[in-house]
Amino acid sequence: MRHLMNPLDFSVEELDKLFDLANDMEKNPKKYAECCHGKKLATCFYEPSTRTRLSFEAAMMNLGGNVLGFSSADSSSAAKGESVSDTIRVISSYADICAMRHPKEGAPMVAASRSRIPVINAGDGGHQHPTQTLTDLLTIRSLKGRLGNFTIGLCGDLKFGRTVHSLIEALCRYEGVQFIFISPEELKVPDYIIELLKSKNIDYTEVISLEEVMPQLDLLYMTRVQRERFFNEEDYIRLKDFYILNKSKMEMAKEDMLVLHPLPRVNEISVEVDDDPRAAYFEQAQYGVYVRMALIYTLLGIGEE
Ligand code: CP
Numbered sequence: 008m009r010h011l012m013n014p015l016d017f018s019v020e021e022l023d024k025l026f027d028l029a030n031d032m033e034k035n036p037k038k039y040a041e042c043c044h045g046k047k048l049a050t051c052f053y054e055p056s057t058r059t060r061l062s063f064e065a066a067m068m069n070l071g072g073n074v075l076g077f078s079s080a081d082s083s084s085a086a087k088g089e090s091v092s093d094t095i096r097v098i099s100s101y102a103d104i105c106a107m108r109h110p111k112e113g114a115p116m117v118a119a120s121r122s123r124i125p126v127i128n129a130g131d132g133g134h135q136h137p138t139q140t141l142t143d144l145l146t147i148r149s150l151k152g153r154l155g156n157f158t159i160g161l162c163g164d165l166k167f168g169r170t171v172h173s174l175i176e177a178l179c180r181y182e183g184v185q186f187i188f189i190s191p192e193e194l195k196v197p198d199y200i201i202e203l204l205k206s207k208n209i210d211y212t213e214v215i216s217l218e219e220v221m222p223q224l225d226l227l228y229m230t231r232v233q234r235e236r237f238f239n240e241e242d243y244i245r246l247k248d249f250y251i252l253n254k255s256k257m258e259m260a261k262e263d264m265l266v267l268h269p270l271p272r273v274n275e276i277s278v279e280v281d282d283d284p285r286a287a288y289f290e291q292a293q294y295g296v297y298v299r300m301a302l303i304y305t306l307l308g309i310g311e312e
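When the count follows our numbering, it moves up by one through the sequence shown with no breaks and lands on 312 for the last residue.
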């Protein structure tokens with residue numbers, strides 16, 4: 008039995024296979040429409056979500072399976088004090104696979120250690136968001152035609168943004184990736200990420216100005232300032248609109264630069280950018296369904312049956 012806790016749990020070769028499968032599922036939906044018939048996915052979400060929970064559910068439905076679950080801690084027995092360990096032991100009797108989001112770092116790992124079914128980390132606190140990373144990688148590979156040999160700017164809340172941490176770690180395994188980290192001083196990428204890049208001799212720069220680096224970028228990964236992770240509302244208000252991508256900034260970018268965002272967005276991308284052909288964030292959310300279909304299929308060992 009295999010879980011997904013971190014995007015690095017899959018080798019580069021395994022990810023290539025997963026992305027090929029996701030692309031095939033996109034092109035040939037009928038071929039896979041019944042492959043999870045009789046299987047159940049449990050979505051155990053202790054934290055709010057639109058894309059991750061609903062795309063997991065859509066993915067399982069597209070494969071002919073069923074879904075059950077809860078969408079907040081308050082609507083589960085966590086509100087009565089039940090532990091994640093006890094919950095997953097019970098869910099193991101009800102479902103074949105589980106996607107779990109939790110505000111505490113490491114909670115899905117605790118669940119995996121007690122589970123009799125595969126557990127997928129659907130986001131744990133400010134730590135990791137591996138299925139968003141799979142979504143990001145599939146989007147880049149599908150739209151750019153390659154993973155590697157590009158300059159990526161990551162902009163916004165690089166301290167608390169778990170999607171950023173997972174994506175950087177995953178991209179470190181590909182050749183020729185240059186990172187430009189664009190953030191205010193208070194929201195810089197954590198030290199452990201910088202240490203990782205240094206240990207691998209990977210090129211990175213840290214800047215405050217987005218305009219300054221815009222012409223260099225092949226990809227711009229915008230992020231929301233993570234209000235829910237701030238201890239102090241005043242700090243959030245001061246920093247929340249630090250970056251706003253608009254049409255005039257897009258004029259400084261390459262003609263084939265892609266704008267990605269894990270969503271939800273607040274103000275950091277002006278809606279006037281949505282019609283720009285380089286704005287790929289809604290397409291990215293669609294790729295999230297295909298990659299989760301491929302992941303469920305793989306972790307359930309469907310192709311091996
Ligand atoms: N990208 C993402 O995780 O979105 P949700 O919080 O809506 O799931």
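No residue lacks a Cβ here, since even glycine has one placed at the ideal position from N, Cα and C.
> Hey, residue 155 and residue 190: beta-carbon distance below 8 Å or not?
Replying inline: In the sequence shown, the residue the question calls residue 155 occupies position 148. In the sequence shown, the residue the question calls residue 190 occupies position 183. No, the pair does not count as a contact, with Cβ atoms beyond the cut-off.
> In three-state DSSP terms, what is residue 68?
Replying inline: What you label residue 68 is simply residue 61 of the sequence shown in a count that begins at 1. In the structure shown, residue 68 sits in a helix (DSSP, three-state: H, G or I).
>> Checking 8 Å against the spacing of the C-beta atoms, do residue 172 and residue 135 come in under that value?
In response: Counting from one through the sequence shown, the residue named residue 172 turns up at place 165. Counting from one through the sequence shown, the residue named residue 135 turns up at place 128. Contact: yes.
> Can you list every residue whose CB sits closer than 7 Å to some heavy atom of the ligand CP, going in chain order?
Replying inline: Taking each Cβ in turn, the ones that pass are 55, 56, 57, 58, 59, 60, 130, 136, 139, 170, 269, 270 and 271.
> Where does residue 266 sit, in a helix, a strand or coil, going by DSSP?
Replying inline: Here residue 266 refers to the residue found at position 259 of the sequence shown. Reduced to three states, the DSSP call for residue 266 is strand.
> In the structure shown, what three-state DSSP assignment does residue 116 receive?
Replying inline: To locate residue 116, count along the sequence shown from 1; it is residue 109. When secondary structure is reduced to three states using DSSP, residue 116 falls in the helix class.
> Per the contact definition of three or more C-beta pairs closer than 8 Å, is the stretch 142-156 in contact with the stretch 115-127?
Replying inline: no
> So residue 294 is in the alpha helix (DSSP H); what residue range does that whole segment cover?
Replying inline: As a first step, residue 294 is located in the sequence shown; it is residue number 287 there, counting from the start. Residue 294 -> alpha helix (DSSP H) spans 288-306.
> Is the stretch 27-34 touching the stretch 294-305, taking contact as three or more C-beta pairs under 8 Å?
Replying inline: yes
> Where are the beta strand (DSSP E) runs, 3 residues long or more, that stay fully inside the stretch 156-215, in chain order?
Replying inline: 157-162, 184-189 and 211-214
> Which residues in the same chain as residue 158 place their Cβ atom closer than 7 Å to its Cβ, once the five residues preceding and following it in sequence are excluded?
Replying inline: Walking along the sequence shown from the start, residue 158 turns up at place 151. The residues are 185, 187, 223, 224 and 225.
>> Considering only the alpha carbon of each residue, which of 160, 54, 20 and 180 lies closest to residue 206?
In response: Along the sequence shown, one-based indexing puts residue 206 at 199. Out of 160, 54, 20 and 180, 180 has the C-alpha closest to the C-alpha of residue 206.
> residue 129 to residue 61, Cα distance in whole Å?
Replying inline: As a working mapping, residue 129 is identified with position 122 in the sequence shown. As a working mapping, residue 61 is identified with position 54 in the sequence shown. Spanning the two alpha carbons is a distance of roughly 12 Å.
>> Could you compute how far the alpha carbon of residue 301 sits from the alpha carbon of residue 67?
In response: What you label residue 301 is simply residue 294 of the sequence shown in a count that begins at 1. What you label residue 67 is simply residue 60 of the sequence shown in a count that begins at 1. Residue 301 and residue 67: Cα-Cα distance of roughly 10 Å.
> Does the stretch 279-287 come within contact of the stretch 47-61, defined as at least 3 CB pairs closer than 8 Å?
Replying inline: no
>> For a test of the three-state rule: what should DSSP assign to residue 30, helix, strand or coil?
In response: One-based indexing of the sequence shown puts residue 30 at position 23. In the three-state DSSP reduction, residue 30 falls in the helix class (H, G or I).
> In its own chain, which residues sit with a C-beta less than 6 Å from the C-beta of residue 212, not counting the 5 before and 5 after it?
Replying inline: Mapped onto the sequence shown, residue 212 falls at position 205. Same-chain partners within the cutoff: 187.
>> Using only CA atoms, which one of 52, 149 and 257 lies nearest to residue 23?
In response: As a first step, residue 23 must be located in the sequence shown, where it is residue number 16. The option with the nearest alpha carbon to residue 23 is 149.
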